Structure formats: C-alpha cells, structure tokens
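Top line first, the protein sequences correspond to chains Z and Y.
With the first letter of the first sequence counted as 1, position 65 gets the number 64 in numbering that gives the first Met the number 0; the numbers rise by one all the way through.
With the first letter of the second sequence counted as 1, position 199 gets the number 198 in numbering that gives the first Met the number 0; the numbers rise by one all the way through.
Have a look at the structure below, then the notes.
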Amino acid sequence: MELKDKLLASFMAFEEKIDTHSELHEVRSNAIKNFEYKGFPTKKEEAWKYTSLNAILKNDFSVFPKKDNAIEFKDVKKYFLHEIDTFKLVFIDGIFSSFLSSTTHDGLDVCLMSSALTKPKYKMVIDTYFNQIASKEESLTSLNTAFSLEGAYINIPKSKVVDKPIEIIYFSTGTEAALMVQPRNLIVVGENAHVQIVERHQSLNSNPVLTNSVTEIFAQKRAIVDYYKVQNDVQTANLIDNTYIAQKQESRAAVHTFSFGGNITRNNLNFYHQGERIDSTLKGITIIGDKQHVDHYTLVQHATPNCESHQNYKTILNDSSTGVFNGKIFVEKEAQKTDAFQQNNNILIGDKATINAKPQLEIFADDVKCSHGCTIGQLDESAMFYMQQRGIPKKEAKALLMYAFTSEVTNSVKIPELKAKIARIIADKLGVNMGFDL
Amino acid sequence: MLEIKNLHASVEDKEILKGINLEIKAGEVHAIMGPNGAGKSTLSSIIAGNENYEVSEGEIFLDGEEISELAPEERAHKGIFLSFQYPVEIPGVSVTNFIKTAINEKRKANKQEEMPANEMLKFIREKSELLEMDRKFLSRSLNEGFSGGEKKRNEIFQMAMLEPKIAILDETDSGLDIDALRIVANGVNKLKNENNAVLVITHYQRLLEYIVPDFVHVLMDGKIVKTGGADLALELEEKGYDWIKNELN
Chain Z
0 MELKDKLLAS
10 FMAFEEKIDT
20 HSELHEVRSN
30 AIKNFEYKGF
40 PTKKEEAWKY
50 TSLNAILKND
60 FSVFPKKDNA
70 IEFKDVKKYF
80 LHEIDTFKLV
90 FIDGIFSSFL
100 SSTTHDGLDV
110 CLMSSALTKP
120 KYKMVIDTYF
130 NQIASKEESL
140 TSLNTAFSLE
150 GAYINIPKSK
160 VVDKPIEIIY
170 FSTGTEAALM
180 VQPRNLIVVG
190 ENAHVQIVER
200 HQSLNSNPVL
210 TNSVTEIFAQ
220 KRAIVDYYKV
230 QNDVQTANLI
240 DNTYIAQKQE
250 SRAAVHTFSF
260 GGNITRNNLN
270 FYHQGERIDS
280 TLKGITIIGD
290 KQHVDHYTLV
300 QHATPNCESH
310 QNYKTILNDS
320 STGVFNGKIF
330 VEKEAQKTDA
340 FQQNNNILIG
350 DKATINAKPQ
360 LEIFADDVKC
370 SHGCTIGQLD
380 ESAMFYMQQR
390 GIPKKEAKAL
400 LMYAFTSEVT
410 NSVKIPELKA
420 KIARIIADKL
430 GVNMGFDL
Chain Y
0 MLEIKNLHAS
10 VEDKEILKGI
20 NLEIKAGEVH
30 AIMGPNGAGK
40 STLSSIIAGN
50 ENYEVSEGEI
60 FLDGEEISEL
70 APEERAHKGI
80 FLSFQYPVEI
90 PGVSVTNFIK
100 TAINEKRKAN
110 KQEEMPANEM
120 LKFIREKSEL
130 LEMDRKFLSR
140 SLNEGFSGGE
150 KKRNEIFQMA
160 MLEPKIAILD
170 ETDSGLDIDA
180 LRIVANGVNK
190 LKNENNAVLV
200 ITHYQRLLEY
210 IVPDFVHVLM
220 DGKIVKTGGA
230 DLALELEEKG
240 YDWIKNELN
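Shown next, in the form of structure tokens:
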C-alpha cells in the first residue's frame, strides 16, 4: 500500500482511539480531506521544485509506534544541554517519556500536547491558538494536523521571564523497521514574557525515520522568543519541519536553524506580523556532505508598518550534497517603513555539490527598505595562504575559514552551552581538532 | 641561512623574477628596495611558498635544505615567517586562538608536545607587552576591523610568538603612523639576535631608520641590480630610482 493510502486508512482508527473535543474532530477531518486531495508534494509544485520526497515515500513506514521504548539517560546525555539545568520535554518514537523529561506547571506550563488537547482546563488556550496560524492549504501541515496528538505544549504567562532553557527532543529508537512521527508543538509566549527553546530530532540507529513536525509559536506584545533548531541526525533520518510564528507588536522572535545532517531536511519557516515595531530574525547554518539534502524555505509576511526582519543563512556543501535556500519576503501595502534584510552565503567544497538559491521579494508598499544578497563561492585563497604561512596545514586552515564563515550566525546564539555545543559539532563536521573550543 | 640562486618566477605566463641571487646569513638584516612593480612582493610570496607563482628556474635553500617544493606550512614550520602587506581578516577566530593554533601546529610538525595552557598564556602576555598591545585586543577577531597599524603590530606579535629563523617584512611600514612604526620596529629589533635574520621589503627608506640593515639590495625589473650598505637606502631616498636606471644604461 502506498504511504498516502496507508495514512488515510489509519486516520479512522486513529480518531476512534482518542477522546478529544468535538471541535477538534472537525479540524482533523478537514485537514485529512485536504491531504487526501493534495497528497504529498511533488517537484511539479514551485515550492518543492528542488526537493523530492519520492525516494523516502517508498519506505513502508509504521504510522503508530507499537510499544513504549525506554532509553537510558546516559546513552543520550550528549544530545541534551546537560551542563545546565533545563526544562525537558522528551519523546521516544512519538511517545512522551516522563522518565527523561522535566516538566512544570509552576508559574508556566511546560507539558504535553496530549494533555492540552484533552483536558478542559486548557480548552480556552487550545481554542484560541491551536491550528490558528498553521497552514490549512499546505498538504504536509494538514497531514500533521489530522494526526496531531502529541508534542510540546508551552504556555508562558504575561511578564514571565523563564530562567532556564526549555529543551524539546524527539528520539527515534529504530525499534520499528521504518517509522513516521508527526509531532505537534504549541508555544504561547505572553506579553513581556521571555523564553529560550531548543528543539532537536534524533535517531538512535539507522532505520529510516520520517518526521513531519508542525510548531505554532505565538509571541504576544513585547515578548522575546529565542528558538533554536539543532538538526544533526543520522543519514537515514528525514525531517520536514513546518514552523509558524505569529508576532504581536514590539515582540522579538529569532529562530536559528543548524542543519548538520540527516538524509532530507526541509525547513518551512513562516513569520507573520500582527502589530507594529516587530523584530524577526531567521538565521541558519547548513554544513552537509555525502548525498545529504537541506532545503530552507522561509517566508516573512510584513503586514504592518515599522517592522524589521533579518535573515542570514550560511551554507557549506561537501561531496554531492545539495542545498536549497528559498527566501520569500512579502511586504503588504500597509507595511510602510518595513526594513527587511536577507543574506545567503554559500560555499561549495564538493565538486558535485549543488546549491539552489532563490530570493523572492514581493513588495507592495512604497516606503520600505528591502535588501538581499546572495553569494556562491569557494574558499578565499589569499586567506588560505595567510594561515598556511603561519604553519596551519591546509585541512585545518580550511576548517578555520569555514568556521569563520559561519561565525556571524553562531555569535548570536544566546545560550553559551548551546553555542559551545554547536561549535563542537561544526569542528567535528569539518574533521578537525583546533586545540581550542571554537 | 637563506640562499636564493638564480630564481626565475612567473605568474600567468608573465615572468616577474628574472634570476635573483641572494644570500642572507644568521644575524644579518637585509633590505630589498625598489620601485613599484619591480617584483618585491613576488619575491617574498615565493620564499613563503605561495602556490600562485610558478618557479621556472632556480633554487631556494634554508639552512642548506632546498625548500622550493615545500608547502607554505612546511616552510613556516622550518622557520620562515612572512609579515603580510595586507593581513587577511578572519572573523570569529580570536587573535589568541589563532596564534595558539599556529604555535601548536608548528610544535606538532616538529614532534613536540602542545604548549601547556599556562605557559602559552605567559608567553602571549610577554610578547603582547613587547608590542604594547592592549589585553582586549587579543580577544578580538583576527584582523577584523583592525586599523592598518593594528594589523601590522599583530603581524609582528605573531612573529614574536612563532620565533622564526628568518622573518620577511613585506611593506610593514605602509599605513603606519610614526608611533606605530616605532613600536613595530622596536619589536623587530628586540627579537633580532645572532641566530635569526630579517629581510625587510620596502619602497621607502623610512622603516630602515629604525631597523638598520647590514645590506641594501635594489630590485628592478625582476633582478637585483645594486647592493650596498645602509647608506644606499639614504641615497635612494634622496635621488629616487632613476639614477640607478641611468647608471645601468
């Protein structure tokens, strides 16, 4: 059976199993109808021109994990920010692991989507926010909505400054021959509240995994949201990340996406402005090799006046890897005094590496500042010679230059332990030990 | 220490060096002067091993070993240092981390253990004081946003750290105000001893007032056309290069 048919057949069984509000049933039914109508995206669609899911979809994915799988903390410690105290929401094969997690209801909610969707006390928040900015048109988001049950539910009340980062980690154990998981996260950050969140998807062996994740983030007035996505997965893991962020006036939201591995990774990152003087930051580093593929598809919808957006994506491609950057900036007629900046720099190391870069600016206001710059190049030879002259061998010099190339993005990571972790991953990817923590 | 025999070199089929002969002994300071386009920077790049130039003929010996086939880093490990006219900016890598890497790579190549962290710190402090460098300077990204003077001072700081056998200063005086020039020259003079040598490449005589050469060579059109003592530099300053051209004709 094809995966699409399998999913459609599974939907009925899925709905029978769970008890949710009736409104939600309608949301799910509409979503599965949209998915049934549209199916998985193909390269014929403009938005998926450079990314094909065909090969992945041939796997016979299990749609529901068959049993609870346990993991020892010591075996997965390295995937956490273990040097510091954090809130943790950990899922194993899509199922919440209370053993590895550290949740709270004390002054803020860091808990489970499954509780939020079923317990009456969360109903108001769910009714107000759930599926409000996630696309009703995009088929993969619809597929997630139809099956949405588990994931992170984070609600930060007004003026709460969360004093430690929140980690959301999805592990796949590989107990199933091939597993599809569809996490659904909802994050509401109240007025003047401040939160740092790190999200990671990690397979623990080489059985194929397809993750189709949807995250909705709401930043209320003057809220500050720092969101980090760490993608450093095994070569049989595939990730489709759909993130939707709505910002109210004077809020600041930043998403850093570190794409260091996996088979196919697609990041759909969407920002919607709903107030004035909003600041949005989208930054990313992609370092991949072999036949890995990473596709960043960003949208910033400037709908209100006096807002800023800053995009900066750095890509290093080795071997036969392929990268895609499609950055869409949409400035509506009302969005005067918009300041939108987009930068995308790419270095191709591998002879067979490919980058497809496409800035897309649609501007309907007349008093705006929009700029974009895209470069594709090799490493600077004069810089190589300079470093070699100081005794740094070619391989290390290359690595140092590549590290330097990405430093604009790593420097804005606000959690020092995460910054150190990212630097270590980069050094490891580049195959060097610099003799100091980069 | 450094011996260059009949060196011919070209870049993109254009011959730039047309038979250079030069011998520098330990303890000596040599200066190469010459008009723009004479091949001064080409010569320093080739000694350091820049692969953009093709050596078509001739040999370069360091302590009797022919080095013209060696990679730039191998020459550096053997004690060749080139202070760049235009040092390259490397954002995200601090001066301290860069020099640590350079020193430990050299030690690794020479089969030595890495320098212990406390020893390294002490060494860095000592040499940065010699160049009158601010502590904050060391944690800044290498050459990023540095003024011309800071870049050159940082080059000599690295030279002090790496303790080369032969240091080539390529137009180190360009872009320096008089204070920076004094600090840089003072640094070079303090590092100078009977076991190492300095080759100063310069267009003007100014730097040679501070770093006094034992020999001055005039490079014109890819050849050394005249060699003299320190007073030759003064003569060139006064009369320019044309009189040598006339003398040759």
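All C-beta atoms, glycine included, are put in the ideal place defined by N, C-alpha and C.
Note that the structure is predicted; figures quoted are calculated from it, not measured.
Among the residues of its own chain, which have a CB less than 7 angstroms from the CB of Z/Arg276, if the five just before and after it don't count? Gln248, Glu249, Asn305 and Cys306
Closer than 9 angstroms by beta-carbon distance: list the chain Z residues that pair up with Y/Glu104, in chain order. Arg389, Gly390, Ile391, Pro392, Glu395 and Gly434
By Cβ distance, which residues of its chain are closer than 8 angstroms to Z/Asp436, with the 5 residues on each side in sequence left out? Because the pLDDT at Z/Asp436 is just 49, under 50, the model does not fix this residue reliably, and the point stays unresolved.
So, helix, strand or coil for Z/Tyr78, using DSSP? helix
Nearest to Z/Ala459 (by Cα), restricted to the options Z/Ala12, Z/Leu6, Z/Leu209 and Z/Ser21: Residue 459 of chain Z lies beyond the stretch modelled for chain Z, which goes from 0 to 437, so this question has no answer here.
6 angstroms Cβ shell around Y/Ile3 - same chain, five flanking residues per side excluded: Ile19, Leu21 and Ile59
If you count every other CB in all the chains shown that lies within 10 Å of the CB of Z/Ile17, and 16 or more means buried, which is it? exposed
Any beta carbon of chain Y sitting closer than 9 angstroms to that of Z/Asp379? yes
Within 9 angstroms (strictly less), CB to CB, does Z/Leu429 reach chain Y? no
Using a cut-off of 7 angstroms between C-beta atoms, extract the partners of Y/Phe83 located in chain Z. Tyr385
Check whether the Cβ atoms of Z/Leu281 and Z/Thr256 lie closer than 9 angstroms to each other. yes
Decide if the segment 42-60 of chain Z is in contact with the segment 148-164 of chain Z; the criterion is three or more beta carbon pairs, one per stretch, under 8 angstroms apart. no
May I ask you to list, following chain order, the residues of the segment 149-160 of chain Y that have a beta carbon less than 9 angstroms from some beta carbon of chain Z? Gln157
What span of residues does the beta strand (DSSP E) with Z/Ser171 cover, start to end? Ile165 to Ser171
Please report the distance separating the alpha-carbon of Z/Val330 from that of Z/Tyr402. 34 angstroms
Proximal residues of chain Y, C-beta to C-beta of Z/Ser9 below 9 angstroms: Residues of chain Y passing the Cβ test: none, with the nearest at roughly 48 angstroms.
7 angstroms Cβ shell around Y/Leu258 - same chain, five flanking residues per side excluded: Residue 258 of chain Y cannot be examined here, being either before or after the span of chain Y that is shown, 0 to 248.
Do you know offhand how far Y/Ala108's Cα is from Y/Ile102's? 10 angstroms
Entirely enclosed beta strand (DSSP E) segments - the segment 206-231 of chain Y, minimum 3 residues: 214-219 and 222-227
Please report how far the alpha carbon of Z/Val180 lies from the alpha carbon of Z/Ala236, in whole angstroms. 11 angstroms
Could one say the Cβ of Y/Asn49 lies closer than 9 angstroms to chain Z's Cβ atoms, at least one of them? yes
So the candidates are Y/Glu149, Y/Pro34, Y/Thr41 and Y/Glu72; which of them puts its Cα closest to the Cα of Y/Leu161? Y/Glu72
Endpoints, the alpha helix (DSSP H) within which Y/Gly147 is located: Gly147 to Leu161
Taking Y/Asp62 as the reference, which of Y/Glu246, Y/Pro163 and Y/Leu175 has the closest Cα? Y/Pro163
For the segment 400-414 of chain Z, which residues have a beta carbon sitting closer than 9 angstroms to at least one beta carbon of chain Y? Leu400, Tyr402, Ala403, Phe404, Thr405, Ser406, Glu407, Thr409 and Asn410
Segment limits, alpha helix (DSSP H) that includes Z/Gln387: Glu380 to Gln388
Within 9 angstroms (strictly less), CB to CB, does Y/Ile89 reach chain Z? yes
Between Y/Ala179, Y/Lys222, Y/Gly57 and Y/Leu207, which lies nearest to Y/Glu234 when the distance is taken from Cα to Cα? Y/Leu207
Start and end residues, beta strand (DSSP E) containing Y/Glu58: Glu53 to Leu61
So which residues on chain Y does Z/Ala382 lean against when the C-beta distance must stay under 7 angstroms? Val87 and Ile89
Check whether the segment 355-370 of chain Z touches the segment 323-343 of chain Z, taking contact to mean three or more Cβ pairs, one atom from each stretch, closer than 8 angstroms. yes
Assigned secondary structure, Z/Asp436 (DSSP; H/G/I helix, E/B strand, else coil): The predicted model places Z/Asp436 with a pLDDT of 49, which falls under 50 and marks its position as unreliable; any figure quoted below should be read in that light. Residue state, collapsed to three classes: coil.
Measure the alpha-carbon distance for Z/Lys76 versus Y/Leu168 and round it to whole angstroms. 51 angstroms
Among Z/Thr140, Z/Lys118 and Z/Leu111, which residue has its Cα nearest to the Cα of Z/Ile168? Z/Leu111
Any beta-carbon of chain B closer than 9 angstroms to the one on Y/Phe60? No chain B appears in this structure, whose protein chains are Z and Y.
Alpha carbon of Z/Phe10 to alpha carbon of Z/Asn29, nearest angstrom: 12 angstroms
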